[in-house]
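Undergrad: For reference, each letter of the sequence shown is one residue, going -21 to -1, 1 to 431 in mature numbering (1 follows the signal peptide of the UniProt record, and there is no 0). All C-beta atoms in this analysis are idealised placements derived from N, C-alpha and C, irrespective of residue type, glycine included.
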Amino acid sequence: MAKLAVPSMFSMRHFLVLSLALNVSLILRTTYYESEEGSKRFCLKKKMMADADSESVIHKPRLAISSTTLTLGNSTRADHPGPGGKERVINLDHGDPTMYERFWRQMGDKTTIIIPGWQSMSYLSDTSNICWFLEAEFAKEVVRLHKVVGNAVTESRHIVVGTGSSQLILAALYALSSPDADEPISVVSAAPYYSSYPSMADYQKSGLYKWAGDAESFDKEGPYIELVTSPNNPDGFRRRSMVNRSQGLLIHDLAYYWPQYTPISSPSDHDLTLFTVSKSTGHAGMRIGWALVKDKEVAKKMTKFIELNTIGVSKDSQLRAAKVLKAVSDSCEQEKSKNEESFFKYSYKLMAQRWKQLRAVVEAGDLFTLPQFSPAFCTFFGQKMVPQPAFIWLKCEGDIEDCESFLRGHKVITRSGKHFGASPQYVRISMLDTDETFIQLLDRLLAIQERQ
Ligand SMILES: Cc1ncc(COP(=O)(O)O)c(C=O)c1O
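(1) For ligand 1, I want to know if Ala263 counts as a neighbour, meaning its beta carbon is within less than 6 Å of at least one of the ligand's heavy atoms.
(2) With respect to the alpha helix (DSSP H) encompassing Gly143, which residues constitute its N-terminal and C-terminal limits?
(3) How is the alpha helix (DSSP H) around Trp83 delimited, first residue to last?
(4) Take Asp232 as the anchor and find which of Gly261, Gly268 and Ser225 has the nearest alpha-carbon.
(5) Please list, in chain order, all residues of the same chain as Ala118 whose beta carbon is under 6 Å from its beta carbon, the five residues on each side excluded.
(6) Can you grab the Cα-Cα spacing for the pair Asn288 / Val272, in whole Å?
(7) Check each candidate in Phe360, Ala343 and Ser353 and name the one with the smallest Cα separation from Tyr327.
(8) Is it buried or exposed for Ile243, if we count other Cβ within 10 angstroms and need 16 for buried?
(9) Give me the residue from Lys390, Ser225, Met281 and Thr260 with the minimum Cα distance to Thr252.
(10) Is Ala151 near ligand 1 - that is, is its Cβ less than 6 Å away from at least one heavy atom of it?
(11) Closer than 6 Å: is that where the CB of Asp232 sits relative to any heavy atom of ligand 1?
(12) At a threshold of 6 Å, does Tyr236 count as lining ligand 1 (C-beta to nearest heavy atom)?
(13) Mind checking whether Val167 and Ala151 have CB atoms under 7 Å apart?
(14) Let me make sure I understand the geometry here. Which of Ser384, Ser220 and Phe216 has the alpha-carbon closest to that of Phe370?
(15) Taking its Cβ as the centre, do 16 or more other Cβ atoms sit within 10 Å of Trp334, making it buried, or is it exposed?
(16) Quick one: what's Phe399 bridged to in DSSP?
(17) Relative to the C-alpha of Val207, which residue among Lys184, Lys199, Tyr235 and Lys363 is closest?
(18) Alpha carbon to alpha carbon, what distance is there between Ile109 and Leu103?
(19) Taking DSSP's pairing of strands, which residues face Val166 in a bridge?
(20) Any heavy atom of ligand 1 closer than 6 Å to the Cβ of Tyr173?
(21) Among the residues of its own chain, which have a CB less than 8 Å from the CB of Gly227, if the five just before and after it don't count?
(22) Within 6 Å: the Cβ of Thr90 and any heavy atom of ligand 1?
(23) Is Thr255 near ligand 1 - that is, is its Cβ less than 6 Å away from at least one heavy atom of it?
(24) Output yes or no for whether 7 Å exceeds the beta carbon distance between Tyr182 and Pro163.
(25) Between Ser144 and ligand 1, is the CB less than 6 Å from at least one heavy atom?
(26) Provide the residue span of the alpha helix (DSSP H) that contains Thr416, from first to last.
(27) Give me the residue from Ala339, Leu298, Val406 and Gln362 with the minimum Cα distance to Met100.
(28) Let's test the definition: count the other Cβ atoms within 10 Å of the Cβ of Thr413 and tell me whether it reaches 16, buried, or not, exposed.
(29) Helix, strand or coil for Lys374 per DSSP?
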């Protein structure tokens, strides 16, 4: 089921043309920047190229593109037509994690599963479990991965699986609110908050809960639900509860609490914590998330919500997720003995390279600024690390008041700060796209700064 087919539409001719285009683009870039000797941009670009050559994280995929048809399939999707097009619209509005595809291709058949037609036919998985549709193999690999990474306590927790953590956010809102309350319970999160929270809370005009905005300015007495996102989407900072009152019910959304994005300081130990394969391993299309829930009644209500909503969660996806999580844990445990990079080492290095290049580009001019992060000790890597978030929280400086419109004018699609409860001077840009798109983004940002 999970076997990846090489798209037949890519002939040898396509492959040669693409390879040529990429190489010409690389040469053009070098000569173009060399003609500006002495300028800040020249130095910067030379440095970027040197980085790409020496650390080969960005450069390597380009070579891979011209050496195997498998990666060609990865890099020439309709929305990634190669680095040549100055007119190409770069859409980085969503956090679609395609950057991890190369790692999973390299894993070959290690994560391939075959599900015969007679298997996984029943609605039920384990009727003795509160979450009766939870596949035992998936639950086992969730517990194992958290132990290997050290990012969450799983003892004395009920695991509730969801169709992505999006479904679990709704299940948690349902479970934490009371049908007997006089009014809907307020749902808050500190700005800048994940832009989907307000619509998730209000889309169905539930009588149970209601979006009440920025947690920092929330001063209503009584019960409330606070969504704590750490590290935060969009700005990447570590977060704690902001309201901190006795009647608060907390949902910790730890979608990005993985070593490639942030130093792992200690195992998270909260009442209700959400994780997802979308951002941990990059398998957003599998639609699998999980909740670690302390309270049995809350776990039961979340399960009930999913039962009413989708009568469980795809067993095929859970089995596939189990296989992928197993491969990640194996890669971490066997890193030393097999002398192969673990998934987190690979993804950490890729993110580090991207952030280094991004900072170099942004610092080349005065038009944009980025958040600054302090290093902290990471128990997973055993050393101090600097956070390197999945999103760029970019601020347009000077008299640019609407950063999203400004960048759209340069054919870069981003998400405005106003969707996150913040100023439109900010935009969120995904860092998780393919190498080609990321390089084009850097090129575009450099060109914009030069024109100003
Ligand atoms: C903070 C946060 N929570 C939840 C989600 C939803 O993830 P999933 O794909 O598991 O539904 C996202 C996706 O971008 C996210 O950024």
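TA: Inspection of the coordinates gives the following:
(1) Taking the first residue of the sequence shown as position 1, residue 263 is located at position 284. Checking every heavy atom of ligand 1 against the Cβ of Ala263, one is found closer than 6 Å.
(2) The count along the sequence shown starts at 1 and reaches residue 143 at position 164. Its alpha helix (DSSP H) spans residues Gly143 to Leu155.
(3) Here residue 83 refers to the residue found at position 104 of the sequence shown. That run of the alpha helix (DSSP H) goes Glu80 to Gln85.
(4) The sequence position of residue 232 within the sequence shown is 253, counting from 1. Considering only alpha carbons, the answer is Gly268.
(5) In the sequence shown, residue 118 corresponds to position 139, counting from 1. Cβ neighbours of Ala118 beyond the five flanking positions: Ile138.
(6) What you label residue 288 is simply residue 309 of the sequence shown in a count that begins at 1. What you label residue 272 is simply residue 293 of the sequence shown in a count that begins at 1. Those two C-alpha atoms are separated by around 19 Å.
(7) Counting from one through the sequence shown, the residue named residue 327 turns up at place 348. Comparing Cα positions, the closest option is Phe360.
(8) On the sequence shown, position 264 is the one that residue 243 refers to. Burial call: buried.
(9) Locating residue 252 in the sequence shown gives position 273, counting from the first residue. The option with the nearest alpha carbon to Thr252 is Met281.
(10) The count along the sequence shown starts at 1 and reaches residue 151 at position 172. Result no, Cβ not under 6 Å from ligand 1.
(11) Mapped onto the sequence shown, residue 232 falls at position 253. Yes, ligand 1 has a heavy atom inside 6 Å of this Cβ.
(12) Taking the sequence shown and counting its residues from 1, one reaches residue 236 at position 257. Checking every heavy atom of ligand 1 against the Cβ of Tyr236, none is found closer than 6 Å.
(13) Reading the sequence shown from its first residue, position 188 is the one you call residue 167. Reading the sequence shown from its first residue, position 172 is the one you call residue 151. No, the pair does not count as a contact, with Cβ atoms beyond the cut-off.
(14) What you label residue 370 is simply residue 391 of the sequence shown in a count that begins at 1. Measuring from the Cα of Phe370, the nearest candidate turns out to be Phe216.
(15) By 1-based counting over the sequence shown, the position of residue 334 is 355. Under this definition Trp334 is a buried residue.
(16) Position 420 of the sequence shown, counting from 1, holds the residue named residue 399. Partner(s): none; Phe399 has no beta bridge.
(17) The residue given as residue 207 occupies position 228 in the sequence shown. Nearest option by C-alpha distance: Tyr235.
(18) For the purposes of this step, residue 103 is taken as the residue at position 124 of the sequence shown. For the purposes of this step, residue 109 is taken as the residue at position 130 of the sequence shown. So the alpha carbons of these two residues sit roughly 12 Å apart.
(19) Reading the sequence shown from its first residue, position 187 is the one you call residue 166. Trp190 and Ile204.
(20) Position 194 of the sequence shown, counted from the start, is the residue given in the question as residue 173. Correct: Tyr173 has its Cβ closer than 6 Å to ligand 1.
(21) Along the sequence shown, read from residue 1 onward, the residue named residue 227 stands at position 248. Taken in chain order, the residues that qualify are Pro202, Tyr203, Ile204, Glu205 and Ser220.
(22) Counting from 1 along the sequence shown, the entry for residue 90 is found at position 111. For ligand 1, not one heavy atom lies less than 6 Å from the Cβ of Thr90.
(23) Indexing the sequence shown from 1 puts residue 255 at position 276. Under cutoff, so the answer is yes.
(24) Taking the first residue of the sequence shown as 1, we reach residue 182 at position 203. Taking the first residue of the sequence shown as 1, we reach residue 163 at position 184. Against a cut-off of 7 Å, the Cβ pair of Pro163 and Tyr182 comes out as no contact.
(25) Translated into positions along the sequence shown, residue 144 becomes position 165. Yes, Cβ of Ser144 sits closer than 6 Å to a heavy atom of ligand 1.
(26) To locate residue 416, count along the sequence shown from 1; it is residue 437. Run containing Thr416: Asp414 to Arg430, per the alpha helix (DSSP H) assignment.
(27) Within the sequence shown, residue 100 is the residue found at index 121, counting from 1. Checking every option, the nearest Cα to that of Met100 belongs to Leu298.
(28) As a first step, residue 413 is located in the sequence shown; it is residue number 434 there, counting from the start. With 16 or more Cβ atoms within 10 Å of its Cβ, Thr413 is classed as buried.
(29) Taking the first residue of the sequence shown as 1, we reach residue 374 at position 395. The answer is strand: DSSP assigns Lys374 an E or B state.
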